[in-house]
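16 is the number of the first residue of the sequence shown in our numbering; add one for each residue after it.
Think of the CB as a built atom: it goes at the ideal place given N, C-alpha and C, for glycine as much as any other residue.
The model shown is predicted, which means the values in this text are computed figures rather than measured ones.
I have placed the structure first, in the form of structure tokens, so that the comments after it can refer back to it.
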Amino acid sequence: MRLKDLEIYDTITIQTHDNPDADAIASGFALYTYFRDRVGEVSLVYSGRNKIQKTDLRLMVEKLGIPIRYRAPEEGKLKGLLITVDCQYGAGNISCFKAESVVVIDHHQQEIATDGLDGYEIVSNLGSCATLVWKLLMEEHFPVNENIQVGTALYYGLYRDTSQFTELYYPLDRDMREAVSFDKNIMYLLKNSNLSLKELEIAGIALIRYIYNRDFHYAIIRTHACDPNLLGLISDFLIQVDEIHTCVVYNHVDDGYKFSVRSCIREVNASEFAQYLSQGIGSGGGHAERAGGFLYKRRYERHYPALNGETYFGNKMKQYFESFDIIDVSAGGLDTERMQRYEGRQETAGYVKASTLMPSGTQCVIRTLDGDIQFLIDDKRYILIDGSGRVKVISEEQFHENYEPLPGVCDIRLEYTPRLKDKATNTFKDLVQHMQPCTSKRAVRVLVRQLSRGVKVFTPKAGDAYILGNPGDYLVVNSEDLQDISVVEQSVFHKLYCEL
Ligand SMILES: [Mn+2]
């Protein structure tokens, strides 16, 4: 969906969820600003039982001149188009107004049927709805950076929805964080008006009611209803306790459970742990030390109808720690003796010579779903993307030794399209568009073992990060380089390898 397509309406009402947070207000405000000069009449509203009270939100509205107003639930049908932001029309967290047409713009898990809508843009893995609105504005070439109020609002929306950027992981969120201009003084003011005395008390009570597991050194805390940000602050505090190596702080909100995770040991990557906790019933992620997530109420109740949050998190954490073995390759922990021999099937990929995109000597970075790759462009460097979106930067020799260019055009479809960024000028080049197809020349010989238990493999190459394998996955070791280890999911293993 494009914003341009919505300019056909004469009247547009933008509605945030009830009890709007910074992200909802920011997203609504940015859309309001876009439509203000393009359609006859635009308004920004919210409804529900409570009016905006939180200090930072009142300051945000006042300092950035955000024309949001309260609309009582009993006010009648809306003319023209209703856009719901940071929530979905008909869901439990938004008062329902009748409207002639409805469009949804949101970053939560889809929870409504979309066939009755007149348009929607729901991207569930984004850290904030502000990021999604920013993307929509960029697609229309709207000069976000010429409007510092909108920039500041979007930046603050992302900041709050990702616990002060600590639980920020999706590449597009990071793109916006770097690109958007904001007012530093207002940011400073909003950031430091976040907690009320009441929340200070909630944090205090939460901290003395921890559950601690001595065997695995983890702690769990449930807080009273509070702003999600407080969870991050409490877990940041908790992880500093000497005996606590991993912790989860969570609370119950209208549509599920919000949680924050911290880890200070290399055996637990907080981001992977957050994914584990939310698997199948929510979403989670972040960084190695700090992460967060959400469990959706409906899915939770379907899977665990009679389980309270405390038992769920307690069971899940214990299960997690009991479920994996550690293989430390540098300490000789890898036993290849009983592994089977396989050969890799040939794989097509896309490649481009870096110096055809940017001049030699350019310091650049490629943002990918697995993190950033930084390098200096010279005329011997090739960029390679395989079908699953994994990006590699290799030398010309490595390329010719291992790959064979193919005729035709490169057809790679990816969830997030990696771009090459010039660090100095902040300009981008699309990669996939400039790629040629190629295929690997010779099959790689590997040693393989299917896993019956979870493993975390530490290799000198990966440093403190581990390679995670789940039961059923295959542990794959390159026969020519025993430190080159990967884990391949059961569903794709036989597509990639054949037995010797
Ligand atoms: Mn949001």
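- By the Cβ-count criterion, Thr383 is buried, with 16 or more other Cβ atoms from all chains shown falling within 10 Å of its own Cβ.
- By the CB criterion at 9 Å, Ala221 and Val276 fall outside the cutoff.
- Membership of Leu497 in any alpha helix (DSSP H) is not indicated; the residue belongs instead to the beta strand (DSSP E) covering Asp496 to Val503.
- In the structure shown, Val463 adopts extended strand secondary structure according to DSSP, grouped into three states.
- Residue ranges of uninterrupted alpha helix (DSSP H) with 4 or more members are absent from the stretch 423-451; none lies entirely inside it.
- Excluding sequence positions up to five before and after Leu246, its CB lies within less than 6 Å of the CB of Val264 and Ser275, all in the same chain and listed in chain order.
- For the 9 Å CB-CB criterion, Ala439 and Ile398 do not form a contact.
- Taking C-alpha positions only, Gly484 is separated from Glu412 by approximately 32 Å.
- By the neighbour-count criterion, in which a residue is buried when 16 or more other Cβ atoms sit within 10 angstroms of its Cβ, Glu287 is buried.
- The Cβ-Cβ distance between Ile40 and Leu97 does not fall below 9 Å.
- Distances from the alpha-carbon of Ile81 to those of Lys150, Leu169 and His509 put Leu169 closest.
- Distance check between Lys94 and each of Asp71, Leu391 and Val57 places Val57 closest, using alpha-carbon atoms only.
- Comparing C-alpha distances from Met202 to each of Met191, Gly172 and Pro186 shows the shortest one belongs to Gly172.
- Between Gln179 and Asn108, the CB-CB gap reaches or exceeds 9 Å.
- Where Thr48 is concerned, the enclosing alpha helix (DSSP H) starts and stops at Ala37 to Arg51.
- With the criterion CB distance below 5 Å from any heavy atom of ligand 1, the matching residues run Asp38, Asp101, Cys144 and Asp176 along the chain.
- Here the alpha carbons of Asp479 and Gln378 stand approximately 26 Å from one another.
- DSSP links Asn228 through a beta bridge to Tyr233.
- His123 and Gly487 have their C-alpha atoms spaced approximately 30 Å apart.
- Residue range Cys144 to Glu154 is occupied by the alpha helix (DSSP H) that includes Cys144.
- In this model, Thr129 and Thr181 are separated by some 32 Å (Cα to Cα).
- In the three-state scheme derived from DSSP, where H, G and I count as helix and E and B as strand, Arg189 is classed as helix.
- By the Cβ-count criterion, Gly271 is buried, with 16 or more other Cβ atoms from all chains shown falling within 10 Å of its own Cβ.
- Secondary structure note for Ile409: its beta strand (DSSP E) is the uninterrupted segment Val406 to Ser410.
- Val461 is positioned such that its CB atom lies closer than 9 Å to that of Glu358.
- A buried status is given to Thr48, since no fewer than 16 other beta-carbon atoms sit within 10 Å of its beta-carbon.
- In this structure, Asp387 is the residue among Asp387, Ile342 and Tyr315 with its C-alpha nearest to the C-alpha of Arg189.
- The criterion of a C-beta distance shorter than 9 Å is satisfied by Phe328 and Ile235.
- Where His267 is concerned, the enclosing beta strand (DSSP E) starts and stops at Thr261 to Val268.
- Secondary-structure assignment with DSSP links Asn493 through a beta bridge to Val461 and Asp496.
- Arg305 and Pro433 have their C-alpha atoms spaced approximately 24 Å apart.
- Residues Leu204, Leu205 and Ser208 of the same chain have their beta carbon placed closer than 7 Å to that of Leu74, with the five preceding and five following residues left out of the count.
- The Cβ atoms of Glu325 and Ile226 lie closer than 9 Å to each other.
- Closest by C-alpha distance to Ala458, out of Gln30, Ala321 and Thr363, is Thr363.
- By the criterion of a C-beta distance shorter than 6 Å, Glu214 is surrounded in its chain by Cys241 and Leu245, once the five residues flanking it on both sides are discounted.
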